[in-house]
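In terms of full-length UniProt numbering, the sequence shown opens at residue 1 and continues consecutively.
Yeah, the Cβ is synthetic: ideal placement off N, Cα and C, and Gly gets one too.
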Amino acid sequence: MANKLKQYFPMIRTRAEVLEEISSREALLERYRGWTGEQKEEFLDFCSGNRGVKILYDSFFKEIMSPETAPERLEEFLTLLLGQNVKILRTLPNDSSRLADENSLVIMDIIVELEDHSIANVEVQKLGYMFPGQRSACYSADLLLRQYKRVRGEKGKAFSYKDIKKVYTIVLYEKSPRQFSDFPDNYVHHFSHVSDTGLQMDLLQEYVFVALDIFKKAIQNRDIRNRLEAWLFFLATDDPEDIGKLLERYPEFGKLYREIYEICRNVEKVMEMFSMELWELDRNTVQYMMDEMQEELDALKQEKEEVFRELTRMREETADVKKEVAKAEEEKVRAEEEKVRAEEEKVRAEEEKVRAEEEKKKMAEEMKEAALSYQKELAQLKARLAELESERGEKE
């Protein structure tokens with residue numbers, strides 16, 4: 001693969017030449033020995049052309065895209081990205097008082113004032129951190145406030161709010177935040193304030209997020225379609241085969257690569273640049289891990305709260321069920337008691353019925369006996385009457 005890039009850039013040194021120069025100088029050798037095996041291989045690979053240089057490294061990006069030495073490059077990139085003609089008026093200082101820990105999260109950023117006096121901040125993040133929207137909004141607000149203070153100071157009493165111009169925040173992600181993966185076919189995302197009624201009002205802040213990792217996946221099986229994609233390809237790839245394809249389609253990028261490989265010929269300078277990148281990467285990785293751990297802690301806390309709420313709900317539900325069960329048991333007991341009372345009433349009614357039947361039967365027997373006794377007595381009376389009448393007839 002080294003031969004592939006060396007065909008385009010014959011100034012590329014061999015691996016042996018780079019190692020020979022490192023070994024010949026004690027300071028370089030000491031620095032080299034301080035790297036891990038993987039870091040040594042990465043350094044030798046891009047110096048010898050076995051791999052392309054990572055353009056997004058702060059030192060290389062600022063060398064190639066410097067708005068001071070080669071403003072036309074950043075102008076073209078911003079023109080394509082923003083969809084409007086961009087001319088850089090000047091580079092603005094990067095305020096050392098940047099919000100909180102933001103400096104630890106950014107590989108590189110360049111702030112420029114455009115011809116219309118709007119401000120563009122171009123920053124590169126190797127790792128996509130949590131809350132990308134909130135971070136960008138806070139930094140955009142900080143830039144807007146800095147512009148307000150600067151312009152107000154320059155204009156004095158003549159100051160008007162119409163003098164405040166747009167602030168563009170442009171973030172290039174080498175590894176984008178996880179929510180970007182929900183849009184695998186989109187790698188450039190534009191954000192601006194829009195009214196839900198159609199009312200037009202310039203609220204000054206716009207954002208562009210570029211997910212280079214998603215772009216690399218999207219372009220794997222197709223050709224570069226336009227010049228913006230050529231720029232993104234230039235920024236995203238370090239594969240020699242891909243670099244060759246880019247140079248065949250857009251040979252003008254060869255000038256940029258030649259500048260990079262001229263830098264790589266200065267081993268001392270490029271080792272210093274690479275060491276700085278490793279230090280920044282370590283710091284960013286630590287911050288990224290802290291963000292990831294915080295996210296996990298927040299997720300666990302939320303899960304704990306949800307479990308607690310669920311347990312509370314279950315306890316309340318259990319208490320309600322217990323009340324319902326107790327109520328049902330009470331109703332069951334009452335029903336059983338009512339049933340027993342009904343059975344007892346039924347038994348009493350049956351007993352009353354039996355007694356009534358017995359009384360009726362007894363009364364009938366008594367009436368029958370009384371009737372027989374009456375008939376017997378009547379017969380006796382009739383017989384006596386007959387005797388008396390017979391005696392009376394004899395006497396007469």
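Check, Outcome
"Report back the beta-carbon spacing between Asn85 and Thr91 to the nearest angstrom; my notes put them in contact at under 8 Å.", "Not confirmed; about 19 Å, so no contact."
"For Asp24, which option in Ala70, Lys255, Gly37, Glu268 has the closest C-alpha, if you only look at C-alpha atoms?", "This sequence places Ser at residue 24; Asp is not what is there. The candidate whose alpha carbon is nearest that of Ser24 is Glu268."
"Please classify Arg222 as buried or exposed, where buried requires at least 16 other C-beta atoms within 10 Å of its C-beta.", "exposed"
"Go to residue 475, then tell me how far its alpha helix (DSSP H) extends in each direction, as first and last residue.", "Given a span of 1 to 396 for the chain in the structure shown, any question on residue 475 remains unanswerable."
"For Asn94 versus Ile111, is the C-beta spacing smaller than 8 Å?", "yes"
"When you compare the CB positions of Val124 and Leu172, do they come within less than 8 Å of one another, or not?", "yes"
"If we count the other Cβ atoms within 10 Å of its Cβ and call it buried at 16 or more, is Pro10 buried or exposed?", "exposed"
"With a floor of 3 residues, list each beta strand (DSSP E) that falls wholly inside the region 196 to 237, ordered by position along the chain.", "205 to 211"
"Can you tell me which residues form a DSSP beta bridge with Ala120?", "Val112, Tyr168"
"Span of the beta strand (DSSP E) holding Arg90?", "88 to 91"
"Just to check, is the beta-carbon of Glu350 closer than 7 Å to a non-hydrogen atom of the ligand SAM?", "Ligands displayed in this structure: none; no statement on the ligand SAM is therefore possible."
"Closest by CA to Ser59, which one among Trp35, Asp142, Ile263, Arg227?", "Ile263"
"Check whether the region 17 to 36 and the region 243 to 253 are in contact - that is, three or more C-beta pairs closer than 8 Å.", "no"
"Can you tell me which of the three DSSP states Lys125 falls into?", "According to the sequence as given, residue 125 is Gln; it is not Lys. It is a strand residue."
"Are the CB atoms of Leu212 and Leu228 within a distance shorter than 8 Å?", "no"
"I need the straight-line Cα distance from Gly52 to Pro251, nearest angstrom please.", "16 Å"
"Between Glu369, Glu317, Leu204, which has its C-alpha nearest Asp163's C-alpha?", "Leu204"
"Roughly how many angstroms lie between the CA atoms of Lys368 and Glu344, to the nearest whole one?", "35 Å"
"Thinking just about the alpha-carbon of each residue, which of Val270, Met363, Met65, Asp320 is nearest to the one in Leu256?", "Met65"
"State the start and end residues of the unbroken alpha helix (DSSP H) segment that holds Ser140.", "132 to 155"
"Just verifying my parser: in three-state terms, what is the DSSP assignment at Glu359?", "helix"
"Under a Cβ-count criterion, where at least 16 other Cβ atoms within 10 Å of its own Cβ denotes burial, should Gly34 be classed as buried or exposed?", "exposed"
"In angstroms, rounded to a whole number, what distance separates the CA positions of Gly83 and Leu19?", "46 Å"
"Quick one: residues in its chain with C-beta nearer than 7 Å to the C-beta of Lys166, no 5 flanking neighbours on either side, listed in chain order?", "Ser118, Leu204, Glu206"
"For Phe191, I'd like the list of residues in its chain whose CB is within less than 6 Å of its CB, leaving aside the five on either flank, ordered along the chain.", "Tyr207"
"Closest to Glu17 by C-alpha separation, out of Gly49, Met273, Val347, Leu5, would be which residue?", "Gly49"
"How many angstroms separate the CA atom of Ser195 from the CA atom of Ala141?", "19 Å"
"Roughly how many whole angstroms lie between the Cα atoms of Leu311 and Leu232?", "51 Å"
"I think Arg13 touches Leu44, with their Cβ atoms under 8 Å apart; what is that distance to the nearest whole Å?", "Arg13 to Leu44, Cβ: 10 Å. No contact."
"With respect to the beta strand (DSSP E) encompassing residue 426, which residues constitute its N-terminal and C-terminal limits?", "The structure shown does not extend to residue 426, since the chain is modelled only from 1 to 396, so the question has no answer here."
"Going by DSSP in three states, Tyr57 sits in which element: helix, strand or coil?", "coil"
"Among Arg392, Tyr129, Leu385, Glu336, which residue has its Cα nearest to the Cα of Lys175?", "Tyr129"
"Could you tell me the distance, in whole angstroms, from the CA atom of Lys395 to the CA atom of Glu389?", "10 Å"
"Leaving aside the five residues before and after Leu114 along the sequence, list all residues of the same chain whose C-beta is less than 7 Å from its C-beta, in chain order.", "Val86, Lys87, Ile88, Leu89, Ala120"
"Roughly how many angstroms separate the alpha carbons of Phe253 and Tyr8, rounded to a whole number?", "11 Å"
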